[in-house]
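Chains as they are written, first to last, in our numbering: chain A, 1 to 462; chain B, 1 to 433. Remarks on the structure that follows.
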C-alpha cells in the first residue's frame with residue numbers, strides 16, 4: 001500500500017465525516033427548520049467532525065513512518081546470520097546501506113551476496129507489512145475521532161468556536177516554523193561543531209594560520225597530518241568581501257542618489273529595473289561569469305602590465321561579487337533617501353544650497369544610519385555568498401592581502417569538505433560544521449545590528 | 001544712510017558670486033558621478049547578458065553527419081530470428097564503422113581508424129537501433145541517416161577551433177579536419193536544432209548532454225517547495241498580522257523571520273544535511289530533501305510579502321465584517337484573505353524564482369551527483385538547473401562552455417517568465433483604496 005493512497009483514503013474519510021457531522025447536526029436540531037436552535041452553522045459541525053477525523057489520522061501516519069524504518073532495520077539485522085546485531089555502528093550502517101540498495105533496485109539483486117539478498121527480501125516483507133499496519137491504524141484512529149465527535153454533536157455544542165480555536169492554533173504552529181528553523185540550524189551546526197572542537201582545540205581552529213584539512217587515510221602516510229587553522233579562510237573571506245564592497249558601495253550609492261534625486265521619471269523607469277535585473281540573476285551565473293570571463297580578462301590585462309595574476313584571483317571573485325551586490329545597496333539606499341522628508345531638502349534650498357550641497361550636507365547625513373545598516377546587510381551577504389567564490393576563488397588557503405593571488409573562503413571550504421561522500425566522525429567533515437557555526441554567528445551579529453539600525457532609522461521619520 | 005549695510009551686502013553677494021563657479025562645478029561633478037554609477041551598473045548588466053548569450057546561443061544547434069548506412073543482416077541479426085531482443089542488443093556501432101570505412105577507403109591503419117570512428121557520437125548507435133526497431137524491414141537495405149557528430153567535430157563546424165594554431169595545441173588534428181572538410185564539401189554535415197539539449201539527461205559526452213533531467217529535477221523540487229512554503233507562509237503571515245497578541249513570543253517570531261531572511265543560504269544546506277539526511281534518514285540527492293531545504297529558505301520571503309499584502313487591505317473591511325457579527329476567523333477567511341491573495345501569489349512566485357536559482361544549499365545535500373536518468377519521483381536522485389550549470393562549468397571539455405551558457409539561458413528564461421508573471425499579477429489585480 002502506497003503512502004499516497006493512505007493519505008487520499010484519509011482525506012476521503014474526512015470528507016465523509018464532514019457530511020455525516022453536518023447531517024447529524026441538522027438531525028439533532030430537528031431538520032432544516034430547527035436550524036435556529038443550533039449554536040453554529042451546520043457546516044461547522046461537519047468541519048469539526050472532519051478535523052477530528054483527518055488530523056489525528058495524519059499525525060499517527062506521520063509518526064508511524066518516522067519510526068518504522070528504524071524498527072525494520074533492527075528486525076532485519078537481528079534476523080541476519082553471523083551476529084550482525086553486534087557489529088560496530090559504522091559497519092552496521094554499511095551493511096544496511098547494501099541492503100537498502102538492493103531493496104530500492106539501485107543494485108541488481110543478483111550482484112549481492114545471498115545473506116544480503118535474504119535480508120533484502122525480509123526487509124521488503126516487513127516494509128509491506130508495516131505500511132499496511134500503519135495505514136489501517138491511521139484509518140482506525142480517524143474513524144474513532146470522527147465517531148467520538150459525531151456522538152457529541154448537540155444543539156448546544158459550540159462547534160464554530162472549537163473549529164476557530166483549532167484554526168488559530170494551526171496558524172500559530174505555522175508561524176513557529178521560523179523559530180524551529182533557527183533552533184534546527186543552531187542545534188545541527190553546534191552539535192557537530194562541538195564534536196569537532198573535541199578533536200581540534202577551539203583556539204587552534206580560530207587562531208591557527210595553517211589550513212590543510214586532508215587527513216591521513218593510513219596511519220603511516222606522510223605529508224597529510226591535517227591542520228585546521230582557519231585564519232587564512234577568515235582573511236580570504238574578508239579580502240574578497242572588501243573588494244566587493246569597494247565596488248558595490250560607491251556604485252550602488254551614487255546610482256541610488258542619481259536615480260532618487262536627479263533622474264527624471266522616464267530615466268528612472270528604465271534604469272532602475274535594469275539595474276535590479278542584476279539582483280534576479282542566480283549566483284551560479286555570476287560564478288560562471290567570474291570564472292570564464294572576468295578571470296581570464298584580468299589575467300590577460302595583468303600580463304600587459306607585467307603583473308602575474310592568478311587564474312583564480314581574489315580580485316575576479318570580489319569584482320563579480322561587487323556587481324552582484326550593487327542592486328542590493330542601491331535599492332536599500334534608494335529607500336532610505338526617499339524616506340528623508342522633503343521639508344529638509346526645501347529648507348536647504350531656501351538657504352541657497354545647490355542640489356549636490358543639499359544631498360551631501362542634509363540628505364545623506366539624515367539617511368546615513370539607514371544606509372549604514374544597508375551596507376552591513378550587504379557585507380553579511382558578501383561573507384555568506386557561496387557559488388561565486390566556489391567557482392572563481394580557488395582552494396589554496398593563502399594568508400595574503402594581495403588581491404591578485406588566489407585565496408579561499410569559509411564558504412568554499414564548507415562546500416569542498418562536504419560535497420561527495422562524508423563520514424560523520426572524521427574531523428574533515430566536522431570542520432565544515434565548525435566553519436558553518438562561525439559563518440552563522442558572524443552573519444547573525446551583522447544582521448541583528450543592521451536590522452536594529454534600519455528599524456530605528458525608519459521609526460525616526462514615521 | 002545705510003552704507004555699511006549696503007557695503008556688507010555687496011561683499012556677501014560678491015563672496016557668494018565668487019564661490020558660485022566653484023560650487024556649480026562641484027554640482028556638475030557630483031551629478032556626473034551619479035550618472036557614471038548608473039552607467040556602470042547598466043554596462044555590467046549588458047556585458048553579463050551579452051557574454052552569456054554570445055557564448056551560449058550555439059548550444060541550441062548541433063552538428064549532424066550524414067552517412068550511408070547499410071543495415072546488413074549479418075551484423076544486426078545473424079541468426080535471422082528478427083526477435084526484438086536480438087534487434088535491441090545488436091552491434092549497431094559496427095554498422096557506423098563500416099559506413100565510415102566505406103566513405104574513406106584510404107584509411108586502413110588501426111590508430112587512424114580509431115580517429116575516424118571518433119567522428120560520430122555513440123548516440124548514433126541508439127539512432128540506428130531505434131530506426132531498426134521501428135521498421136525491421138530496413139534490415140538488408142541501405143539508407144542515408146543523419147547521425148550526431150562528436151563534440152570536437154561540432155566545435156570545428158561552429159568555428160570555435162582556431163585552424164591557424166599549431167596542430168598539437170588543438171584537440172582536433174589536421175587529418176580529422178580534412179575528413180570533416182570533405183564531408184562538408186559533399187553537404188554531408190549540417191547543423192540541426194538541438195532537441196536533445198532540452199529533453200536529454202546529463203552525459204559525459206558534451207554532444208549528448210542535455211538539461212532535460214535538470215529541468216525535471218528543478219520542477220519536482222519546486223513543487224515540494226511551493227506546496228509547503230505557500231500554505232505555511234500564508235498561515236504564519238495571517239497569524240502575525242491578524243491574530244498575534246503583542247507579547248514576547250510574537251516578538252521572538254518576528255526577530256527570527258527577519259534574521260532567517262538574511263542567513264546565508266549555505267547554512268540552510270548544513271541544516272538539511274545534518275537534520276534531514278543524517279537525523280531523519282531521508283535519501284540523499286532527492287528533490288524531496290531539496291524542496292524541504294528550499295522551503296525553509298524561502299519561507300521568510302513569503303511571510304514578509306504576504307504580511308505586506310495583508311497590511312494593504314484597509315481596516316475598514318475588517319471593521320465592516322466584524323460589525324456585521326462575523327468572528328475574527330470568519331473576517332479573515334471570508335474577506336481579508338481573498339483581497340490579499342494576488343499580493344501573496346506575487347510574493348510566492350518571487351520566492352519560487354529565488355528558489356529556482358539557488359544552488360549552494362543543494363550542493364550540501366548531494367544534488368550535485370552525476371545523474372543521467374531523468375528523475376521519476378520525489379525520492380529519486382536528481383539535480384537541478386543551477387547545479388547542472390555548476391557541474392558543466394567545472395567540466396574541462398571545451399564543448400561544455402556553450403552547453404553551460406545554453407543552460408544559463410534556459411534558467412534565465414524560466415526566471416524571466418516567472419518574474420513577468422509576478423509583474424502581470426501585480427498590475428492586473430493590485431487594488432488601491
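Virtual Cβ for every residue (Gly too), placed ideally from N, Cα, C.
Less than 8 Å separating the beta-carbons of residue i and residue j?
{"i": "residue 410(B)", "j": "residue 289(B)", "result": "no"}
{"i": "residue 312(A)", "j": "residue 397(A)", "result": "no"}
{"i": "residue 237(B)", "j": "residue 303(B)", "result": "yes"}
{"i": "residue 67(B)", "j": "residue 99(B)", "result": "yes"}
{"i": "residue 273(B)", "j": "residue 439(A)", "result": "no"}
{"i": "residue 444(B)", "j": "residue 321(B)", "result": "The structure shown does not extend to residue 444(B), since chain B spans only 1 to 433, so no value can be given for it."}
{"i": "residue 217(B)", "j": "residue 382(B)", "result": "yes"}
{"i": "residue 61(A)", "j": "residue 132(A)", "result": "no"}
{"i": "residue 300(B)", "j": "residue 253(B)", "result": "no"}
{"i": "residue 257(A)", "j": "residue 34(B)", "result": "yes"}
{"i": "residue 228(A)", "j": "residue 252(A)", "result": "no"}
{"i": "residue 435(B)", "j": "residue 404(B)", "result": "Residue 435(B) lies beyond the range of chain B shown here (1 to 433); nothing can be said about it."}
In the DSSP assignment, find the unbroken alpha helix (DSSP H) run with residue i in it and report its ends.
{"i": "residue 5(A)", "result": "3–29"}
{"i": "residue 167(B)", "result": "Run containing residue 167(B): none; DSSP gives neither H nor E here."}
{"i": "residue 207(A)", "result": "202–207"}
{"i": "residue 79(A)", "result": "42–79"}
{"i": "residue 268(A)", "result": "265–280"}
{"i": "residue 175(A)", "result": "159–199"}
{"i": "residue 389(B)", "result": "385–393"}
{"i": "residue 442(B)", "result": "Past the boundaries of the shown model lies residue 442(B); chain B is included only from 1 to 433, so the question cannot be answered."}
{"i": "residue 85(B)", "result": "84–89"}
{"i": "residue 221(B)", "result": "212–238"}
{"i": "residue 102(B)", "result": "92–103"}
{"i": "residue 372(A)", "result": "364–384"}
{"i": "residue 201(B)", "result": "Note, residue 201(B): premise wrong, no alpha helix (DSSP H); not H, not E."}
{"i": "residue 117(A)", "result": "114–152"}
{"i": "residue 378(B)", "result": "Residue 378(B) -> no alpha helix (DSSP H), and no H or E assigned at all."}
Have a look at the options and flag the residue whose alpha-carbon is nearest the alpha-carbon of residue i.
{"i": "residue 16(B)", "options": "354(A), 79(A), 407(A) and 100(A)", "result": "354(A)"}
{"i": "residue 8(A)", "options": "122(A), 139(A), 357(A) and 44(A)", "result": "139(A)"}
{"i": "residue 255(A)", "options": "268(A), 232(A), 244(A) and 246(A)", "result": "268(A)"}
{"i": "residue 384(A)", "options": "276(B), 260(B), 42(B) and 373(B)", "result": "260(B)"}
{"i": "residue 400(B)", "options": "428(B), 119(B) and 208(B)", "result": "208(B)"}
{"i": "residue 153(B)", "options": "132(B), 117(B) and 130(B)", "result": "117(B)"}
{"i": "residue 205(A)", "options": "250(A), 231(A) and 44(A)", "result": "231(A)"}
{"i": "residue 313(B)", "options": "378(B), 326(B) and 338(B)", "result": "338(B)"}
{"i": "residue 121(B)", "options": "131(B), 65(B) and 296(B)", "result": "65(B)"}
{"i": "residue 334(A)", "options": "315(A), 387(A) and 263(A)", "result": "263(A)"}
{"i": "residue 119(B)", "options": "248(B), 194(B) and 176(B)", "result": "176(B)"}
{"i": "residue 194(B)", "options": "328(B), 146(B), 106(B) and 384(B)", "result": "146(B)"}
{"i": "residue 43(B)", "options": "403(A), 27(A), 271(A) and 58(A)", "result": "271(A)"}
{"i": "residue 131(B)", "options": "48(B), 70(B) and 74(B)", "result": "70(B)"}
{"i": "residue 150(B)", "options": "142(B), 172(B), 37(B) and 167(B)", "result": "172(B)"}
Mind checking which residues open and close the beta strand (DSSP E) that includes residue i?
{"i": "residue 69(B)", "result": "61–70"}
{"i": "residue 144(B)", "result": "142–148"}
{"i": "residue 190(B)", "result": "189–193"}
Three or more C-beta pairs below 8 Å linking the region 129–139 of chain B and the region 201–215 of chain B | The region 129–139 of chain B makes no contact with the region 201–215 of chain B, as fewer than three CB pairs between them are under 8 Å.
Examine the Cβ distances between the region 343–360 of chain B and the region 208–226 of chain B and report whether three or more of them are shorter than 8 Å.
-> Taking 8 Å as the limit for Cβ pairs, the verdict is that the region 208–226 of chain B does touch the region 343–360 of chain B.
Would you be able to state if there are at least three C-beta pairs under 8 Å between the region 176–190 of chain A and the region 426–446 of chain A?
-> Under the three-pair Cβ rule at 8 Å, the region 426–446 of chain A counts as touching the region 176–190 of chain A.
Validate contact between the region 12–31 of chain B and the region 341–360 of chain A using beta carbons, cut 8 Å, 3 pairs | Touching, yes, given that three or more Cβ pairs across the two stretches are closer than 8 Å.
Touch test, the region 441–457 of chain A against the region 365–383 of chain A, Cβ-Cβ under 8 Å, three pairs minimum = Remark: three or more beta-carbon pairs, one from each stretch, lie closer than 8 Å, so the region 441–457 of chain A and the region 365–383 of chain A are flagged as touching.
Cβ contact check for the region 311–331 of chain A and the region 242–260 of chain A: 3 or more pairs under 8 Å = Between the region 311–331 of chain A and the region 242–260 of chain A there are three or more C-beta pairs closer than 8 Å, enough to call the two in contact.
Taking only beta carbons into account, state which residues of the region 374–404 of chain B come closer than 8 Å to chain A, listed in chain order.
-> Per Cβ criterion, the list reads 386, 387, 389, 390, 393, 394, 401 and 404.
Stretch-stretch touch, CB-based, cutoff 8 Å, three pairs: the region 41–50 of chain A with the region 148–165 of chain A = Taking 8 Å as the limit for Cβ pairs, the verdict is that the region 148–165 of chain A does touch the region 41–50 of chain A.
Quick one: which residues of the region 307–325 of chain A get their C-beta closer than 8 Å to a C-beta of chain B? List them in chain order.
-> Those residues of the region 307–325 of chain A that come within reach of chain B (Cβ to Cβ, closer than 8 Å) are 323.
Stretch pair the region 52–61 of chain B + the region 75–95 of chain B: three plus CB contacts closer than 8 Å = The region 52–61 of chain B vs the region 75–95 of chain B: no contact.
Say whether the region 155–162 of chain B touches the region 239–246 of chain B, bearing in mind that this needs 3 or more beta-carbon pairs closer than 8 Å, one atom from each stretch.
-> At 8 Å Cβ cutoff, the stretches do not touch.
Are the region 385–396 of chain A and the region 280–289 of chain A in contact at 8 Å, needing three or more beta carbon pairs?
-> Contact between the region 385–396 of chain A and the region 280–289 of chain A is present: three or more C-beta pairs spanning the two stretches fall below 8 Å.
Taking only beta carbons into account, state which residues of the region 32–47 of chain A come closer than 8 Å to chain B, listed in chain order.
-> When CB distances to chain B are screened at a threshold of 8 Å, not a single residue of the region 32–47 of chain A falls below it.
Listed in chain order, which residues of the region 248–265 of chain B have Cβ atoms closer than 9 Å to some Cβ of chain A?
-> Within the region 248–265 of chain B, the residues whose Cβ lies closer than 9 Å to some Cβ of chain A are 249, 250, 252, 253, 254, 255, 256, 257, 258, 259, 260, 261, 262, 263, 264 and 265, listed in chain order.
Report the residues of the region 317–351 of chain B with a CB closer than 7 Å to any CB of chain A, ordered along the chain.
-> Taking 7 Å as the Cβ-Cβ cut-off, the region 317–351 of chain B approaches chain A at 327 and 329, given in chain order.
Taking Cβ-Cβ distances below 8 Å as the criterion, which residues of the region 193–224 of chain B are in contact with chain A?
-> Listed by position, the residues of the region 193–224 of chain B near chain A (Cβ gap below 8 Å) amount to none.
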